[in-house]
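Working notes, structure below.
There are 2 protein chains.
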Amino acid sequence: MSNEPVWERPEPSGKPSPTPLSRDLIVSAAIRLADAGGLDEVSFRKVAAALNAGPMRLYGYVETKDELLDLMVDEVYGEITPPPSSAGWREGLRHVAHGIRDATKRHEWFIDLLSNRPHQGPNALTHLETTLATVRFDDIDQVLGAVGAVMAYVFGAVRGEITELRAERSSGMTEEQWQRASGPYMQRMLATGRFPTLARVMHESSDTDPAHRFEIGLGYVLDGIATRHNLAWRPAGSASEPSAQSP
Amino acid sequence: MSNEPVWERPEPSGKPSPTPLSRDLIVSAAIRLADAGGLDEVSFRKVAAALNAGPMRLYGYVETKDELLDLMVDEVYGEITPPPSSAGWREGLRHVAHGIRDATKRHEWFIDLLSNRPHQGPNALTHLETTLATVRFDDIDQVLGAVGAVMAYVFGAVRGEITELRAERSSGMTEEQWQRASGPYMQRMLATGRFPTLARVMHESSDTDPAHRFEIGLGYVLDGIATRHNLAWRPAGSASEPSAQSP
DNA sequence: TATCTGTCAATACACTGTATCGGCAAGAGA
DNA sequence: TCTCTTGCCGATACAGTGTATTGACAGATA
Numbered sequence: 001m002s003n004e005p006v007w008e009r010p011e012p013s014g015k016p017s018p019t020p021l022s023r024d025l026i027v028s029a030a031i032r033l034a035d036a037g038g039l040d041e042v043s044f045r046k047v048a049a050a051l052n053a054g055p056m057r058l059y060g061y062v063e064t065k066d067e068l069l070d071l072m073v074d075e076v077y078g079e080i081t082p083p084p085s086s087a088g089w090r091e092g093l094r095h096v097a098h099g100i101r102d103a104t105k106r107h108e109w110f111i112d113l114l115s116n117r118p119h120q121g122p123n124a125l126t127h128l129e130t131t132l133a134t135v136r137f138d139d140i141d142q143v144l145g146a147v148g149a150v151m152a153y154v155f156g157a158v159r160g161e162i163t164e165l166r167a168e169r170s171s172g173m174t175e176e177q178w179q180r181a182s183g184p185y186m187q188r189m190l191a192t193g194r195f196p197t198l199a200r201v202m203h204e205s206s207d208t209d210p211a212h213r214f215e216i217g218l219g220y221v222l223d224g225i226a227t228r229h230n231l232a233w234r235p236a237g238s239a240s241e242p243s244a245q246s247p
Numbered sequence: 248m249s250n251e252p253v254w255e256r257p258e259p260s261g262k263p264s265p266t267p268l269s270r271d272l273i274v275s276a277a278i279r280l281a282d283a284g285g286l287d288e289v290s291f292r293k294v295a296a297a298l299n300a301g302p303m304r305l306y307g308y309v310e311t312k313d314e315l316l317d318l319m320v321d322e323v324y325g326e327i328t329p330p331p332s333s334a335g336w337r338e339g340l341r342h343v344a345h346g347i348r349d350a351t352k353r354h355e356w357f358i359d360l361l362s363n364r365p366h367q368g369p370n371a372l373t374h375l376e377t378t379l380a381t382v383r384f385d386d387i388d389q390v391l392g393a394v395g396a397v398m399a400y401v402f403g404a405v406r407g408e409i410t411e412l413r414a415e416r417s418s419g420m421t422e423e424q425w426q427r428a429s430g431p432y433m434q435r436m437l438a439t440g441r442f443p444t445l446a447r448v449m450h451e452s453s454d455t456d457p458a459h460r461f462e463i464g465l466g467y468v469l470d471g472i473a474t475r476h477n478l479a480w481r482p483a484g485s486a487s488e489p490s491a492q493s494p
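In the order they appear, the protein sequences are chains A and B.
At the far end of the first sequence sits residue 247, using our numbering, and the numbering has no gaps.
At the far end of the second sequence sits residue 494, using our numbering, and the numbering has no gaps.
The structure is reproduced here in structure tokens:
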């Protein structure tokens, strides 16, 4: 009934109980379950059971399951360390990108909760704030464009990684050879000759390290921002970053 | 029991029936339902009901619900027109990017089915093949890197768009003013003063057209690829595209 | 002490994906 | 033509989901 978002709604007034409860306890239990067995393990019944409580007890703290998921997402945002305020826009955005990727490594389900609703919890907002603040272009539209592009790339890339990783895991522990067409189905498809370029990629590509591929793509995006805005920029492996200026 | 993927498994031998059935009928019914009411409307019971059949009848054509979703995804890939073979890498990738974005406009649920499993249906594979083939760099790793980065950006950006669009729709038809902090919660948050840059973005940004923002980010990625690989490239609005060369 | 208020457990409902079983109808063999 | 097999389909059932409803009980207040 209450139209306020979770973040602004107070929790029930911890009445002394054999097993005390709180929003924090609930979300951390849910996160534990999700980390261990994926989002499917997160049900009100299971979360409540993990806390020695009845399922309906959770509804005092959380109005709906989506709210619980929102709280979980925001908790993950809270784990991500902001870039140092001394960082230039390029280092800053790289830091943020890796922060999200690392967080998703710890909580794979994080990436599944992107399309539910926008992330507006307090931690998500401060994450967004510090990310925007690290890009000190004069033109605010350029700031938004740069941050938006980097975020879009990061989310897409991380999602791809996780998807691939899950496929490997479920498809019988095929380590990195999975995309090498070791799956019999893929082998048959490639054998049809209808996918020559794809076959070439599978057979000849030497770049199978996901972290490296992530870095490559991220480099593209950052280079593009620098090029488009005529920012000074060094091609590779350079330590210092010039302070940003919009043209 | 059969370990073969759907794509290689024959359908039941169309026995004459009052209401004939086929995989195509099933997936198009499912797609119709999903287009109309989102993925939640796609259940075996509802799809079967739309075809005047019992739910269990579908299991002859599709072994599991994930298989049905895979078929739906592949159908969407089939709708995407490949780039003209005359296109250079930049036009080609732009064409692919917009193809995916447009398809997602027609079928919003498409973007939700990315993290399930990799897309390996015949249409998805030919889509990937033509995408790779449009980038004629000598170094195959550079091809994969470029295509991977563009795809990651596209998926991330489109997902963001759809998420925002859904939020607007559910949050009471707030058109484009949503991100202008018209939501009372956001207004309160911004009023705390803890998010100055975010507030500035919300108030001062004039760039609210999603299509334009998509284009901007895509431009970053393509510029980055061109820059990184020292490809000839014109900053803006230039018609002809030089044929690609890797350094 | 009596009343109110807020928290919780139990039950119930509609819905999901899918395993199992039993029948039925078409094709094959005699 | 009669039987038998085979493959498809419907009905039922089961375990699980999110959540609405109800009723009891405990602590605070009058």
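Backbone N, C-alpha and C fix where the C-beta goes; we use that ideal spot for every residue, glycine too.
Because the structure is a prediction, the values reported are computed rather than measured.
Closer than 9 Å to chain B by CB, residue i
i	result
A/Pro82	no
A/Pro242	Because A/Pro242 sits at a pLDDT of 39, beneath the cut-off of 50, its placement in the model cannot be relied upon, and the following sentence gives the value as read from the coordinates. For A/Pro242, the answer is no, since every Cβ of chain B falls outside 9 Å of its Cβ.
A/Phe137	no
A/Val10	For clarity, residue 10 of chain A is Pro in the given sequence; the question names Val instead. It does not: the Cβ of A/Pro10 has no partner Cβ on chain B nearer than 9 Å.
A/Leu128	yes
A/Leu69	no
A/Gly56	The residue you asked about is not Gly; residue 56 of chain A is Met in the sequence shown. With 9 Å as the cut-off, A/Met56 does not count as an interface residue toward chain B.
A/Ala153	The sequence shown places Tyr at residue 153 of chain A, rather than the Ala named in the question. Cβ-Cβ to chain B under 9 Å: yes for A/Tyr153.
A/Pro5	yes
A/Thr64	no
Assigned exposure category for residue i - 16 Cβ within 10 Å defines buried
i	result
B/Gln389	buried
A/Asp112	buried
B/Arg416	exposed
A/Arg45	exposed
B/His374	buried
B/Met433	buried
A/Ser115	buried
A/His212	exposed
B/Tyr308	buried
B/Met303	exposed
B/His450	exposed
B/Thr377	buried
B/Arg353	exposed
A/Asp102	exposed
A/Ala48	buried
Under 7 Å from the C-beta of residue i: neighbouring residues of chain A
i	result
B/Ala380	Thr197
B/Arg475	Gly219, Tyr220 and Asp223
Under 8 Å from the C-beta of residue i: neighbouring residues of chain B
i	result
A/Ile162	Ser362
A/Ile111	Ser362
A/Asp35	Result: empty, since nearest Cβ-Cβ is about 16 Å, beyond 8 Å.
A/Val201	Leu379, Ile387, Val390 and Leu391
A/Arg45	Per Cβ cutoff of 8 Å: no residues; A/Arg45 is ~20 Å from chain B at best.
Contact list for residue i against chain A, beta-carbon separation under 8 Å
i	result
B/Glu451	Ile140
B/Leu469	Gly224
B/Met433	Gln120
B/Ala414	Arg117 and Pro118
B/Asp454	Asp141, Leu144 and Gly145
Cross-chain neighbours of residue i in chain B, by beta carbon under 9 Å
i	result
A/Gly148	Ala404, Gly407, Arg460, Ile463 and Gly464
A/Arg194	Pro369, Leu372, Thr373 and Glu376
Neighbour flag for residue i against chain A, beta carbons, 9 Å
i	result
B/Trp336	no
B/Arg353	no
B/Ser417	yes
B/Leu272	no
B/Leu268	no
The ligand MN heavy atom lying under 8 Å from the CB of residue i
i	result
B/Leu272	What this structure holds is no ligand at all, so the ligand MN is not there to describe.
Amino acids of chain B, ordered along the chain, whose beta-carbon sits closer than 7 Å to that of residue i
i	result
A/Leu93	Going along chain B, no residue has its Cβ under 7 Å from A/Leu93, so there is no contact; the nearest lies around 11 Å.
A/Val73	Going along chain B, no residue has its Cβ under 7 Å from A/Val73, so there is no contact; the nearest lies around 12 Å.
### Query
With contact counted as at least three CB pairs below 8 Å, one residue from each stretch, are the segment 90–109 of chain A and the segment 220–229 of chain A in contact?
By the Cβ rule, the segment 90–109 of chain A counts as touching the segment 220–229 of chain A, because three or more pairs are nearer than 8 Å.
### Query
Do the segment 272–287 of chain B and the segment 385–404 of chain B make contact, defined as three or more Cβ pairs closer than 8 Å?
When C-beta atoms of the segment 272–287 of chain B are compared with those of the segment 385–404 of chain B, fewer than three pairs fall below 8 Å, so the two segments do not count as touching.
### Query
Is the segment 316–331 of chain B touching the segment 263–278 of chain B, taking contact as three or more C-beta pairs under 8 Å?
In the pairwise beta carbon analysis, the segment 316–331 of chain B is classified as touching the segment 263–278 of chain B: at least three pairs are separated by under 8 Å.
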